[in-house]
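Undergrad: What follows is a single structure, and I will ask about it in a moment.
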DNA sequence: CTAGCCTGGTTGCATAGTACAACTCAAGTG
DNA sequence: CACTTGAGTTGTACTATGCAACCAGGCTAG
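Chains as they are written, first to last, in our numbering: chain Z, 1 to 152; chain W, 1001 to 1152.
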């Protein structure tokens, strides 16, 4: 495969993936949207953070995050804690229920991925994982982000 | 990297990619959404097909496709041709404008990808492309599709 | 210390993209 | 000819999202 061709293929396949992800939105885990899932995941990883941090991290508008957070709170998956230092801030934390649901969803997704990747040689899995990390880690000149070459 | 860990990483990174693609939707090419873009792309590849084919191919509801097609037609990017054989059918074709716009968008996306992948060794590009193809080509037992672990 | 600015969040409003169901029109079948 | 099936359209509703306006708490310069 020539250099330009490989780039073309990567572009096409990543776009295809993004499109299918978009199209199948909401079908796998009715109880937890992709955005909600990633927000919960981030809260688990970070051990609690502010709505603003989530917005910045995922390039979402703060109003969007505000509403998502509101929904997650109503669903009792997260809770807000006043920051005694700064009363403007609400530090978000997973509730036990949130942790449980997140674990369930993660698990069923993992099962699906395992099935999909079952036939892959270990070495390929490792390289693929590494490439994806490298791809997603890229940070280009201010603002540019071809990762989402996607969705207009 | 251990086997389970590689699978975890792939899952996480693909999900992350899907989420960012979703979030950045509409920012890069205001004139053409991800869905519109892929629909146009499919029309170009296939050299014309029916709305129903698009719906089946992308797992979209026919009403959704109907509206998208309507928008694309209003934008003069595609045209409908009555099938003389079966009057129920409308075969969709790209217009010259559609081909031109599609080419422009494809080109600017390509540029973004090139930039992002510029530092990669050729061998890695080729393997990454191959892995993505293999991943996306997977077709599991009826209905399961972890690719879009995504978007609810 | 007060005025003005900055920051974290919420809310009103508008839009895109979807799905689902009911409907129309055409083609096939008995 | 009546029924059924396939392709598309339209009505309705919902979710996710962004932008702009706004509120309230904190910070900083006079």
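Backbone N, C-alpha and C fix where the C-beta goes; we use that ideal spot for every residue, glycine too. Just so we're clear, the structure is a prediction, and the values are computed from it rather than from any experiment.
Going along the chain, which unbroken runs of the alpha helix (DSSP H) with 4 or more residues stay wholly within the stretch 52 to 120 of chain Z?
TA: 62 to 74 and 96 to 117
Undergrad: Under DSSP, the alpha helix (DSSP H) around residue 1046 of chain W begins and ends at which residues?
TA: 1034 to 1046
Undergrad: Kindly indicate if chain W contains any beta-carbon less than 8 Å away from that of residue 66 of chain Z.
TA: no
Undergrad: Which whole-angstrom value is the C-beta distance of residue 51 of chain Z and residue 90 of chain Z, which I expect to be below 8 Å?
TA: 7 Å
Undergrad: Tell me which residues of the stretch 115 to 127 of chain Z have at least one Cβ-Cβ distance to chain W shorter than 7 Å, keeping chain order.
TA: 115, 116, 117, 122, 124, 125, 126 and 127
Undergrad: So, at 6 Å on beta carbons, what are the nonlocal neighbours of residue 146 of chain Z in its own chain, with the 5 sequence-adjacent residues on each side left out?
TA: Note on residue 146 of chain Z: pLDDT 38, under 50, position unreliable in the model; no value is reported.
Undergrad: Need the endpoints of the alpha helix (DSSP H) that residue 1130 of chain W sits in, please.
TA: 1122 to 1137
Undergrad: Under 8 Å between C-beta atoms, does residue 1100 of chain W make it to chain Z?
TA: For residue 1100 of chain W, the nearest beta carbon of chain Z is not closer than 8 Å to its own beta carbon.
Undergrad: Whose Cβ in chain Z lies nearer than 8 Å to the Cβ of residue 1054 of chain W?
TA: Under the 8 Å cutoff, chain Z gives no residues; its nearest Cβ is about 11 Å from residue 1054 of chain W.
Undergrad: Using the DSSP secondary-structure output, state which residues sit across from residue 1050 of chain W in a beta bridge.
TA: W/1091.
Undergrad: With a threshold of 8 Å between beta carbons, is residue 1097 of chain W in contact with chain Z?
TA: no
Undergrad: Considering Cα atoms alone, identify which of Z/74, Z/67, Z/102 and Z/133 is closest to residue 41 of chain Z.
TA: Z/102
Undergrad: Determine whether the beta carbon atoms of residue 1043 of chain W and residue 1094 of chain W lie at a separation below 8 Å.
TA: yes
Undergrad: Using a Cβ-Cβ distance under 8 Å, would residue 51 of chain Z count as near chain W?
TA: no
Undergrad: Among the candidates Z/62, Z/69 and Z/37, whose CA atom is the shortest distance from the CA of residue 108 of chain Z?
TA: Z/37
Undergrad: Please tell me whether residue 1010 of chain W has its Cβ less than 8 Å away from any Cβ of chain Z.
TA: At a cut-off of 8 Å between C-beta atoms, residue 1010 of chain W counts as an interface residue with respect to chain Z.
Undergrad: Pull up the distance between the alpha-carbon of residue 1086 of chain W and that of residue 1063 of chain W, whole angstroms please.
TA: So the alpha carbons of these two residues sit roughly 20 Å apart.
Undergrad: Counting only Cβ pairs nearer than 8 Å, list the residues of chain W close to residue 161 of chain Z.
TA: Residue numbering for chain Z in the displayed model covers 1 to 152; residue 161 of chain Z lies beyond these limits and cannot be assessed.
Undergrad: Taking 8 Å as the CB-CB limit, is residue 1077 of chain W close to chain Z?
TA: no
Undergrad: Residue 157 of chain Z to residue 96 of chain Z, Cα distance in whole Å?
TA: Beyond the ends of chain Z as shown, which are 1 and 152, falls residue 157 of chain Z; an answer cannot be given.
Undergrad: Among the candidates W/1016, W/1119 and W/1075, whose CA atom is the shortest distance from the CA of residue 35 of chain Z?
TA: For the residues W/1016, W/1119 and W/1075, the minimum Cα distance to residue 35 of chain Z belongs to W/1016.
Undergrad: Which whole-angstrom value describes the C-beta separation of residue 81 of chain Z and residue 73 of chain Z, a residue pair presumed to lie in contact below a C-beta threshold of 8 Å?
TA: In fact, because the Cβ distance is near 11 Å, the residues do not count as touching under 8 Å.
Undergrad: Report, in whole angstroms, the separation of the C-beta atoms of residue 1092 of chain W and residue 1048 of chain W, which I expect to be a contact under 8 Å.
TA: 6 Å
Undergrad: Identify, in the order they occur along the chain, each residue of the same chain with its Cβ nearer than 8 Å to the Cβ of residue 1008 of chain W, setting aside the five sequence neighbours on each side.
TA: none
Undergrad: Are the C-beta atoms of residue 1019 of chain W and some chain Z residue less than 8 Å apart?
TA: yes
Undergrad: So, are the CB atoms of residue 132 of chain Z and residue 1014 of chain W less than 8 Å apart?
TA: yes
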